[in-house]
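See below for the structure under consideration.
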Amino acid sequence: MVGQVFADRYELQELVGSGAMSSVYRAHDRLLDRTVALKVLHDHHQHDPEYVERFRREARSAAVLSHPNIVTVIDRGEHEERQFIVFEYVGGQTLKQLIVTERPLPVESALALTVQVARGLSFAHKNGLVHRDVKPQNVLLNGDGQAKMTDFGIARSLDVQRGMTETGTVLGTSDYIAPEQAQGGRVDEQSDVYSLGVVLYELLTGDVPYPGENFVAVAMQHINEPVPSVREKRPDVPPRVDAAVQRAMAKSPAERFPTMADFGRELEACASNGSEEGTQVIAPPPAARRHRRVSPWPLVLVLLGVLAVCGALAYFLLHGTSSLPGGGGGSSAGPPPKLRAVTAYDPNGTGRPGENNNLAPAATDNNPATAWSTENYYDGTLNKPGVGLVLDAGSSRTVRQIDVDTTTPGFTAVIKAGDSEQDFPATVSASQAVSGTHATFTVSGGAHRYYLLWITDLGGLHRVRITEVRAA
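Its first residue numbered 4, the sequence shown is counted upward by one per residue in the numbering used here.
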């Protein structure tokens, strides 16, 4: 092929890449005297209507996308029954090649590159196209720090009415495929968000999150396995960045960033803040501090508080403890205890660590982007009395109310309690079907050290996901 001239204009100079569907050549455009990239459909696909249409669709899809982070389509045609597309030539390497040579990337570099890809994909989404094959092999780097998305060969138009592309067809690359895409389900903007989340995970750790020997093995992990934490492999990654990856790779599309633009903005915030906690405190200049007026209200409030305490003490001295609320003995008044999720509880399980014990702390970390979840029950039934999440109050404390946040409403649960994280003899709330993303359990029954969110019915769900639990 090298040396051939396509359409009396494009002279092929060097093979720069080849895939299952086509090969890409560096070529010279004789008409405009410039270097271009020319993609040629493989000979054995030239007479297959499906592949020819997919190839033409790539040209049509990319031709409407003019963006700095998307490779520009210049021309399309047919030469001696060979379909070809002409693109701008990007002379650097792919993002995958960069990962192989420099993994893992510095956090700042990983964020900067991912933000660029997010901008390009967001532009495609706004123009009605979902890529469906987001992976580092399809990101070209021009050598000046600019990333460009390419290969819209399996892109589809977004259906504005239904917010989806098509179902029943599994396309994409297994290492980066979204769970719904792996199952032949609805594929939309959130599917690209998931795949870009996988790319960012790989940039930060040097490895894909779900390695496997074949497509099915990897795809099943995307569908069933919990999202691994970046910080478990690389503790120097800020928690906010880890949380962004976790949210982008959520199993349910509804739990991910609503749009690619939202994902990109969060990554930009992570990059600009650059601190461990994801926040940045900006102090006022010295001159402003010198001339700042001091408000009298804090002092007034302190004095009022002192007077209130003095009044309470006087009442106590005059009337005795019997007149105080609670009768004067064993009162549990005060703020509710801080609950800490310590482990999962599965006394009737198989002994496998399938209830994600290591993810339990995520249910009380004050971060709605992280969660504890049960294992996957494929038939939607527990086939045992229950499974639960153990909550430690720190000491024997009376809890009046436990609030539960979830992204998988429909299950039934009850609160149990005890003084050991392995034994919960007291049932301290009514059984309740959780119908929304927030549920409140009224608790009674005295003081206990440990409380158990005991799930007794999945409600047909394959797994239950708890994002936050707290005493109130």
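Quick reminder that beta carbons are idealized off the backbone N, C-alpha and C, glycines included. Remember, it's a predicted structure, so these values are computed and weren't measured experimentally.
| task | Please report how far the alpha carbon of GLU378 lies from the alpha carbon of PRO428, in whole angstroms. | result | Here residue 378 is taken as the residue at index 375 of the sequence shown, counted from 1. Here residue 428 is taken as the residue at index 425 of the sequence shown, counted from 1. In a straight line, the C-alpha of GLU378 is about 24 Å away from that of PRO428.
| Is VAL467 buried or exposed, if buried means 16 or more other CB atoms sit within 10 Å of its CB? | Walking along the sequence shown from the start, residue 467 turns up at place 464. With 16 or more other Cβ atoms within 10 Å, it is buried.
| field | Buried versus exposed call for MET263 [16 or more other C-beta atoms within 10 Å across all chains shown] | value | Mapped onto the sequence shown, residue 263 falls at position 260. With 16 or more other Cβ atoms within 10 Å, it is buried.
| query | If you drop the 5 nearest sequence neighbours on each side, which residues of the same chain put their C-beta closer than 6 Å to that of ARG234? | reply | As a working mapping, residue 234 is identified with position 231 in the sequence shown. Cβ within range, chain order: VAL240 and ASP245.
| query | For ARG400, which beta-bridge partners are listed by DSSP? | reply | Here residue 400 is taken as the residue at index 397 of the sequence shown, counted from 1. Bridge partners of ARG400: HIS451.
| So, are the CB atoms of GLU14 and GLN7 less than 9 Å apart? | By one-based count along the sequence shown, residue 14 stands at place 11. By one-based count along the sequence shown, residue 7 stands at place 4. Taking 9 Å as the Cβ cut-off, GLU14 and GLN7 qualify as a contacting pair.
| task | With a threshold of 16 other CB atoms inside 10 Å of the CB of PRO238, please say whether the residue is buried or exposed. | result | Position 235 of the sequence shown holds residue 238. PRO238 is exposed by the Cβ-count criterion.
| query | By how many angstroms is the C-alpha of THR75 removed from the C-alpha of MET152? | reply | Position 149 of the sequence shown, counted from the first residue, corresponds to residue 152. Position 72 of the sequence shown, counted from the first residue, corresponds to residue 75. In this structure, the CA atom of MET152 is about 9 Å from the CA atom of THR75.
| query | What residues in its chain sit with their C-beta under 7 Å from that of HIS70, if we drop five residues either side in the sequence? | reply | Walking along the sequence shown from the start, residue 70 turns up at place 67. Contacts found: GLY123 and PHE126.
| Nearest to ARG59 by alpha carbon, out of HIS47, VAL43 and ASN72? | To locate residue 59, count along the sequence shown from 1; it is residue 56. The closest CA to that of ARG59, considering only HIS47, VAL43 and ASN72, is found on VAL43.
| task | Note down, in chain order, each residue of its chain lying with its Cβ closer than 8 Å to the Cβ of LEU455, except the 5 sequence neighbours on either side. | result | Here residue 455 corresponds to residue number 452 of the sequence shown, with the count starting at 1. Contacts found: TYR348, GLY391, LEU392, VAL393, LEU394, ILE418, LYS419, ALA420, GLY421 and PHE427.
| task | Report the three-state DSSP secondary structure of THR377 (helix, strand or coil). | result | In the sequence shown, counting from the first residue as 1, residue 377 sits at position 374. In the structure shown, THR377 sits in coil (DSSP, three-state: anything other than H, G, I, E or B).
| field | Residues near HIS465 by beta carbon distance below 8 Å, same chain, minus five either side | value | Position 462 of the sequence shown, counting from 1, holds the residue named residue 465. Only ASN379, TYR380, TYR381 and GLY383 meet the Cβ criterion.
| message | Rounded to whole angstroms, what is the Cα-Cα separation between VAL485 and GLY187? | response | Look at the range of the chain in this structure, 4 to 475, and you will see that residue 485 is not part of it.
| request: Can you tell me which of TYR54, VAL110 and ARG79 puts its alpha carbon nearest to the alpha carbon of ASN276? | output: On the sequence shown, position 273 is the one that residue 276 refers to. Nearest C-alpha to ASN276: VAL110.
| task | Would you check if the distance between the CB atom of GLN86 and the CB atom of GLN140 is smaller than 9 Å? | result | Taking the sequence shown and counting its residues from 1, one reaches residue 86 at position 83. Taking the sequence shown and counting its residues from 1, one reaches residue 140 at position 137. At least 9 Å separates the beta-carbon of GLN86 from that of GLN140.
| said: Along the chain, where does the alpha helix (DSSP H) containing HIS128 start, and where does it finish? | reply: Residue 128 sits at position 125 when you count from the first residue of the sequence shown. 110-129 is the extent of the alpha helix (DSSP H) around HIS128.
| So LYS138 packs on VAL202, CB below 8 Å; how close in whole Å? | Your numbering for residue 138 matches position 135 in the sequence shown. Your numbering for residue 202 matches position 199 in the sequence shown. With a Cβ gap of about 7 Å, LYS138 and VAL202 count as contacting.
| To which residues does DSSP link GLU61 through a beta bridge? | Position 58 of the sequence shown, counting from 1, holds the residue named residue 61. Note: GLU61 sits in no beta bridge, so no partner.
| message | For TYR28, which residues in the same chain have their Cβ closer than 6 Å to its Cβ, ignoring the five residues on either side in sequence? | response | Against the sequence shown, residue 28 aligns to sequence position 25. Hits under 6 Å: LEU15, LEU18 and LEU41.
| task | Take the Cβ of PRO52 as the centre, count every other Cβ of all protein chains shown within 10 Å, and call the residue buried at 16 or more, exposed below. | result | Taking the first residue of the sequence shown as 1, we reach residue 52 at position 49. PRO52 counts as exposed, since fewer than 16 other beta carbons sit within 10 angstroms of its beta carbon.
| said: According to DSSP, is ASP245 part of a helix, a strand, or is it coil? | reply: Indexing the sequence shown from 1 puts residue 245 at position 242. Residue state, collapsed to three classes: helix.
| task | Please state whether DSSP places GLU84 in a helix, a strand or coil. | result | Translated into positions along the sequence shown, residue 84 becomes position 81. If DSSP states are grouped into helix, strand and coil, GLU84 belongs with coil.
| Can you give the beta carbon distance from ALA374 to ALA363, rounded, assuming they're within the 8 Å contact cut? | By one-based count along the sequence shown, residue 374 stands at place 371. By one-based count along the sequence shown, residue 363 stands at place 360. In this structure ALA374 is not in contact with ALA363, their Cβ atoms being roughly 10 Å apart against a cut-off of 8 Å.
| Given that a residue counts as buried once 16 or more other Cβ atoms are within 10 Å of its Cβ, and exposed if not, what is GLN425? | Along the sequence shown, read from residue 1 onward, the residue named residue 425 stands at position 422. Classification for GLN425: exposed.
| task | Given a cut-off of 9 Å, decide if PHE9 and GLY80 are closer than it, judged by their beta-carbon atoms. | result | Walking along the sequence shown from the start, residue 80 turns up at place 77. Walking along the sequence shown from the start, residue 9 turns up at place 6. Yes, the Cβ-Cβ distance between GLY80 and PHE9 is below 9 Å.
| task | Determine, using beta carbons only, whether VAL230 and PRO212 come nearer to each other than 9 Å. | result | Numbered from 1 along the sequence shown, position 227 holds the residue referred to as residue 230. Numbered from 1 along the sequence shown, position 209 holds the residue referred to as residue 212. Yes.
| said: Which residue wins for smallest C-alpha separation from ARG403, given the options PHE444, MET4 and ARG63? | reply: Translated into positions along the sequence shown, residue 403 becomes position 400. Looking at PHE444, MET4 and ARG63, the one whose alpha-carbon comes closest to that of ARG403 is PHE444.
| field | Assigned secondary structure, GLY267 (DSSP; H/G/I helix, E/B strand, else coil) | value | Counting from one through the sequence shown, the residue named residue 267 turns up at place 264. DSSP places GLY267 in helix when its eight states are reduced to three.
| field | Integer Cβ distance of PHE90 from LEU199, believed to fall under 8 Å | value | Your numbering for residue 90 matches position 87 in the sequence shown. Your numbering for residue 199 matches position 196 in the sequence shown. About 21 Å separates the beta carbons of PHE90 and LEU199, which is beyond the 8 Å limit, so they are not a contact pair.
| request: Compare the beta carbon distance of THR470 and ALA372 with 9 Å and say whether it is the shorter of the two. | output: Within the sequence shown, numbered from 1, the residue matching residue 470 stands at position 467. Within the sequence shown, numbered from 1, the residue matching residue 372 stands at position 369. A contact, by the Cβ cut-off of 9 Å.
| request: Just the C-alpha distance for TYR54 and SER177, rounded to the nearest angstrom, thanks. | output: As a working mapping, residue 54 is identified with position 51 in the sequence shown. As a working mapping, residue 177 is identified with position 174 in the sequence shown. A straight-line Cα-Cα distance of about 20 Å links TYR54 and SER177.
| query | Apart from the five residues on each side of it in sequence, which residues of its chain come closer than 7 Å, Cβ to Cβ, to THR430? | reply | For the purposes of this step, residue 430 is taken as the residue at position 427 of the sequence shown. Correct list, in chain order: VAL417 and LYS419.
| message | If I measure Cβ to Cβ from PRO107 and keep anything under 8 Å in the same chain, skipping five residues before and after, which residues do I get? | response | Translated into positions along the sequence shown, residue 107 becomes position 104. Here PRO107 has ALA113, LEU206, LEU207, THR208, GLY209 and ARG237 as same chain residues with Cβ atoms under 8 Å from its own Cβ, once five neighbours each way along the sequence are excluded.
| task | Use the C-beta contact count for ALA344: other C-beta atoms within 10 angstroms, 16 or more gives buried, fewer gives exposed. | result | For the purposes of this step, residue 344 is taken as the residue at position 341 of the sequence shown. Buried.
| Distance, VAL248 Cα to TYR204 Cα | Here residue 204 is taken as the residue at index 201 of the sequence shown, counted from 1. Here residue 248 is taken as the residue at index 245 of the sequence shown, counted from 1. Roughly 7 Å separates the two Cα atoms.
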